[in-house]
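The structure under discussion appears below in the form of structure tokens.
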Amino acid sequence: MPVVRTVEATMLGKLDWSAIPFDQPIPLVAGAVVLVAILAVLIWVVVKGHLPYLWHEWITSVDHKRIGVMYILLASVMLLRGGSDAIMMRIQQAVAYQSQGYLPPEHYNQIFSAHGTIMIFFVAMPFVIGLMNLVVPLQLGVRDVAFPTLNSVGFWLTATGALLVNLSLVIGEFARTGWLAFPPLSELSYSPGVGVDYYAWSLQISGVGTLVAGINLVTTVLKLRTKGMNYLRMPMFCWTTLASNLLIVAAFPILTATLAMLLLDRYLGFHFFTNEAGGNVMMFMNLIWAWGHPEVYILVLPAFGIFSEVVSTFSGKALFGYRSMVLATMAICVVSFMVWLHHFFTMGAGPDVNAIFGIASMIIAIPTGVKIYNWLFTMYGGRIRFATPMLWSVGFMVTFIIGGLTGVLLAVPPADFMLHNSMFLVAHFHNVIIGGVLFGAFAGFEYWFPKAFGFRLDERWGKAAFWFTFLGFFATFVPLYVAGMLGMTRRMQHYDVAAWRPWMIVAAFGMAVLTIGVVCQIVQLVVSIRNREALRDRTGDPWDGRSLEWATSSPPPVFNFAFNPDVRGEDAYWDMKARAQQQSLEHEVPEYRDIEMPRNSPTGFVCAFFATIMGFALIWHIWWMVILGGLGAFATFVVFAWRDHDEYVIPAEEVARIDRVNLEERRGLVSMAGAT
Amino acid sequence: MSMTATAGRAQADPHHIGVVIEHPGPASKRIVTAYGFWIFLLSDIVMFSCFFAAYAVLSGQTAGGPKGSEIFEQGNVAIETVCLLLSSFTCGMASIAADVRNRFWFYLGMAVTCVLGVIFLVIEFREFADLVARGYGPSRSAFLTAFFSLVGCHGLHVSAGVLWLLTMMAQVFAKGFRADVLRRMMCFALFWHALDIIWVGVFSVVYLLGSGV
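The listed protein sequences derive, respectively, from chains Z and V. Using the working numbering, the letters of the first sequence correspond one by one to residues 11 to 686. Using the working numbering, the letters of the second sequence correspond one by one to residues 2 to 214.
Here it is as structure tokens:
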């Protein structure tokens, strides 16, 4: 017997049948449903013969637009997963008054940990990175990002992380430690299971993906701009992309290092954060928040950029105070690294340090306030169209101001001592992350959807989705502010205080309204796909846009622009349209040239495949498989480095044929505009 | 026509600053690649800075175990340092050889770099193995945890560098000095020099400061 056990341990590490939660119906049923859904989709894809199309056009694609779309798809799917967790938590807290509710503590703890991890790393991050990928090269007037294949690698590594998190639902367990896995709770002595390992390895792997995306986008913005696209002519979204990705490059290595230390503690008995042998738990707090606070701005800065584009387009005016907006963005970028300690005022730093960080935290509200005023003044005197993206933007301004103000309140150390880790805090950060990042992501989704797919989204369902989400949000989270004021702490599996109960019930009701908003968005997508002919965007410029992404067709050809656009000022495309009307578009036929584009490559997908194997093996201590995964990933890169043809040529005639169609549509548009 | 020209200029300088330098357009592949790799190196240095910070915090936490001055052998460290600094020089020679497409000097430069790197790794491995054998492994105290992690992280980077170096040589052998191969060689050289800079930090913070305590 012992021999058998050793062989098993060598082959399978810690993995055995007890890893499957046969005794817990909820994860088992949920896992089974997901598995059946995935299998059904796979079978449908294979039977219908879509597999070659998917492989050649999407999975191996290095086109920034396709990768952007896949990022957003990943984020949307994970939003449903994270949202289900949220619904379960709100129901639990609504029923668990003087009772255990329906979720046992060890399961409830996994749910709030998974909810936070998923929503930040696998919803908010891929959503904003997806939008940046899709839009930034178009706005800069270039053909692709700086490193197209690496871009694909980054996406697929993010997907690997998401896959591992979901795998923990069925095989083993997820962390019960909260979304940042504070030690000593997350150390081996207090969390001996594989939950924290799932958490840490999925974040390590997706973290590499995020770092790659960050390097790629910084280089793209700084080194690949079309002729005449000076820094101070870039659209605001490009500026916020730059700031956000600079933060990624500077902050994500801190997360990588911190999680590596935690893993060393867990796997090899190191003493970074243990209670014994001189380990220092506060070092984890400082390191994780030195990443964590910039992370907040990594998420919200791109959203600010989206709102800038949307508000200016739908007000029919140039962005008010463009340069002050640039300055505010870069100020936030720098100051965001100087406030991390406000996440743990209560943990003994002393009054002087707390005061400094409190003041720094309040200072960061100033550039944010500048932005709000700039958006308001952009709207002032404009001819505002309340299309769905604009609704999300206005909804954001209202919501985000409230969230920002409660944030300033929490930045006052004495107040924070009362409210630290209370439901008030939970309400605050949902107020800024949903009201800021998610509303921004939805605004960007509605705004750029026609660019990505060539047809607009249904406005009626879009507006319904906005109103349900907006009202549902307030109905869910205002009660949490109150409960926090009444002393309710976060992450409670059950409670005995009668005064909290009504607020938890109202919040659960709000969650239902919020869910209707999400359903409306799914219906919107289905309805729009069905009516796509009626909603078709033939001109490439459905919103009367101002920046270069609207200068090409919808969806853009693989090369984006037949010619590198020549930019002469801010709002490059608006300027072009104005000039075209004055001169009634020159009718001479331009001279087309061959275009070289990067070849598709399975490198990203194959590399992520091996990363998944390696991650899974590391979690379960299956060492031979770790080596296998590592060798596979290295071999993938060598094969990639050995290929002889990394580009293909699109002949000039083909470019001309594609471009002519778009020019014809556009001429029609300009002459119509000229007539009115 | 003159109308539009004026309009164009007004657009180019909306704030009437007077000087407008037009951006010339996308940079060349060589510049883009090197620029991206520099940014990666900066991020890598940020990661190292976390391990440096952890070392600074934990270096006094010996938990009854040995202090730095009791376990560091400056002779070995001196040889390690000489190896790495020399290898930076030979790596530079290999880069120059690649730029002038001289295979012999390229292979020689890379081979010597590789040997020096491996000597460095062997000395470091023996230092680690010796400490572990004496019961001073990373689990002994928080100080040793931080020491093994910081120095080991650099060592892992050097190991990855050696692997990259050998791949680079094989690639030049198979593909010659192609433009993309030269770009990769440039990145490798940047990587190798950056490891040297980090070693200077490790040498100063860990071994020099530690030996004095």
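All C-beta atoms, glycine included, are put in the ideal place defined by N, C-alpha and C.
- request: Enumerate in chain order the residues of its own chain whose CB-to-CB distance from valine 203/V is below 7 Å, with the five nearest sequence positions on each side excluded.
  value: So the qualifying residues of the chain are Leu151, Val152 and His155.
- prompt: Of all Cβ atoms in chain Z, is any one closer than 9 Å to the Cβ of tyrosine 137/V?
  reply: Not closer than 9 Å to any Cβ of chain Z, the Cβ of tyrosine 137/V fails to qualify, so no.
query: Terminal residues of the continuous alpha helix (DSSP H) containing isoleucine 532/Z?
result: Where isoleucine 532/Z is concerned, the enclosing alpha helix (DSSP H) stretches over 511 to 540.
- prompt: Between which two residues does the alpha helix (DSSP H) carrying proline 710/Z extend?
  reply: The question about residue 710/Z has no answer here: the residues shown for chain Z are numbered 11 through 686.
- request: With 9 Å as the threshold, decide whether the Cβ of tryptophan 652/Z is near any Cβ in chain V.
  value: Residue-level contact by beta carbon holds for tryptophan 652/Z and chain V, with a gap shorter than 9 Å.
- prompt: Would you report the Cα separation of threonine 5/V and alanine 590/Z, rounded to the nearest angstrom?
  reply: Residue confidence is low: threonine 5/V scores 36 on pLDDT, short of 50, so the model does not pin down where it sits. No coordinate-derived value is stated.
message: Which residues of the stretch 635 to 649 of chain Z have a Cβ closer than 9 Å to any Cβ of chain V? Give them in chain order.
response: Listed by position along the chain: Phe644, Phe647 and Val648.
Buried versus exposed, by CB contacts within 10 Å (16 or more), lysine 381/Z: By the neighbour-count definition (other C-beta atoms within 10 Å, threshold 16), lysine 381/Z is a buried residue.
task: Let me know the secondary structure DSSP gives isoleucine 30/Z once reduced to three states.
output: Coil, per DSSP.
query: alanine 35/V to glutamine 103/Z, Cα distance in whole Å?
result: Cα to Cα, the separation comes out at about 53 Å.
message: With DSSP as the reference, identify every bridge partner of isoleucine 605/Z, one or two as the case may be.
response: According to DSSP, isoleucine 605/Z bridges with Ile660/Z.
Phenylalanine 483/Z: CB within 8 Å of a non-hydrogen atom of the ligand COA: Of the ligands one can find in the structure shown there are none, so the ligand COA has no counterpart to examine.
message: Going by DSSP, what residue range makes up the alpha helix (DSSP H) through histidine 303/Z?
response: Here the alpha helix (DSSP H) through histidine 303/Z covers 291 to 325.
query: Looking only at DSSP bridge pairs, what is tyrosine 505/Z linked to?
result: Tyrosine 505/Z is bridged to Tyr107/Z.
Simplified DSSP assignment, three categories, for phenylalanine 73/V: The answer is coil: DSSP assigns phenylalanine 73/V none of H, G, I, E or B.
message: Quick check: is the beta carbon of alanine 134/V nearer than 9 Å to any beta carbon in chain Z?
response: By this cut-off, alanine 134/V is not an interface position.
query: Around the C-beta of lysine 327/Z, are 16 or more other C-beta atoms found within 10 angstroms, so that it is buried, or is it exposed?
result: Under this definition lysine 327/Z is a buried residue.
Distance, isoleucine 48/Z Cα to histidine 60/Z Cα: Taking C-alpha positions only, histidine 60/Z is separated from isoleucine 48/Z by approximately 15 Å.
- request: Indicate the three-state DSSP secondary structure (helix, strand or coil) for threonine 356/Z in the structure shown.
  value: If DSSP states are grouped into helix, strand and coil, threonine 356/Z belongs with coil.
Beta-bridge partners of phenylalanine 465/Z, as assigned by DSSP: For phenylalanine 465/Z, the beta-bridge partners assigned by DSSP are Arg546/Z.
Where valine 34/V sits in the DSSP three-state scheme: The sequence shown places threonine at residue 34/V, not valine. In the three-state reduction of the DSSP assignment, threonine 34/V falls in the helix class, which pools H, G and I.
- request: Output yes if chain V places a C-beta closer than 9 Å to the C-beta of threonine 288/Z; else output no.
  value: Contrary to the premise, residue 288/Z reads as glycine rather than threonine in this sequence. At least one chain V Cβ lies under 9 Å of glycine 288/Z.
message: Here's the rule I'm using: 16 or more other beta-carbon atoms within 10 Å means buried, otherwise exposed. How should threonine 622/Z be labelled?
response: Only buried fits threonine 622/Z, as 16 or more other CB atoms lie within 10 angstroms of its CB.
- prompt: Taking the alpha-carbon positions, what's the glycine 454/Z to valine 320/Z distance?
  reply: The alpha-carbon atoms of glycine 454/Z and valine 320/Z are separated by roughly 8 Å.
Short CB-CB distance (under 9 Å) between serine 70/V and chain Z: Not one beta carbon of chain Z lies nearer than 9 Å to the beta carbon of serine 70/V.
Cβ distance (whole Å) where alanine 95/V is taken to contact phenylalanine 107/V below 8 Å: 5 Å between Cβ atoms; contact.
task: Just the chain V side, please: which residues come within less than 8 Å of methionine 340/Z by C-beta, in chain order?
output: Result: empty, since nearest Cβ-Cβ is about 17 Å, beyond 8 Å.
- prompt: Which chain V residues are close to aspartate 157/Z, counting only those with a beta carbon under 9 Å from its beta carbon?
  reply: Sequence inspection shows phenylalanine at residue 157/Z; the aspartate mentioned does not correspond to that position. Residues of chain V passing the Cβ test: Val33, Thr34 and Gly37.
message: Is the beta carbon of leucine 309/Z closer than 9 Å to that of isoleucine 130/Z?
response: Contact: yes.
- prompt: Along chain Z, in chain order, which residues have C-beta atoms closer than 9 Å to that of aspartate 181/V?
  reply: For aspartate 181/V, the neighbours in chain Z by C-beta distance under 9 Å run, in chain order, Ala651 and Asp656.
Contact set between valine 228/Z and chain V, taken where Cβ atoms lie within less than 7 Å: The contacting residues are Ile40.
- prompt: Rounded C-beta distance between alanine 156/Z and lysine 237/Z? I'm assuming under 8 Å.
  reply: That belief does not hold up - the Cβ atoms of alanine 156/Z and lysine 237/Z are roughly 17 Å apart, past 8 Å.
task: Apply the 10 Å Cβ neighbour rule to aspartate 362/Z and answer buried if 16 or more other Cβ atoms are within range, or exposed otherwise.
output: So aspartate 362/Z counts as exposed.
message: Contact criterion: CB-CB distance below 9 Å. Does threonine 7/V meet it with respect to chain Z?
response: Caution applies to threonine 7/V, whose pLDDT of 37 falls short of 50 and renders its modelled position unreliable; the value that the coordinates give is listed next. Cβ-Cβ to chain Z under 9 Å: no for threonine 7/V.
- prompt: Which chain Z residues are close to alanine 64/V, counting only those with a beta carbon under 7 Å from its beta carbon?
  reply: Simply Ala287 and Gly288.
- prompt: Between the Cα of phenylalanine 280/Z and the Cα atoms of Asp654/Z, Glu197/Z, Ala260/Z and Thr230/Z, which residue gives the shortest distance?
  reply: Ranking the options by Cα distance to phenylalanine 280/Z, first place goes to Glu197/Z.
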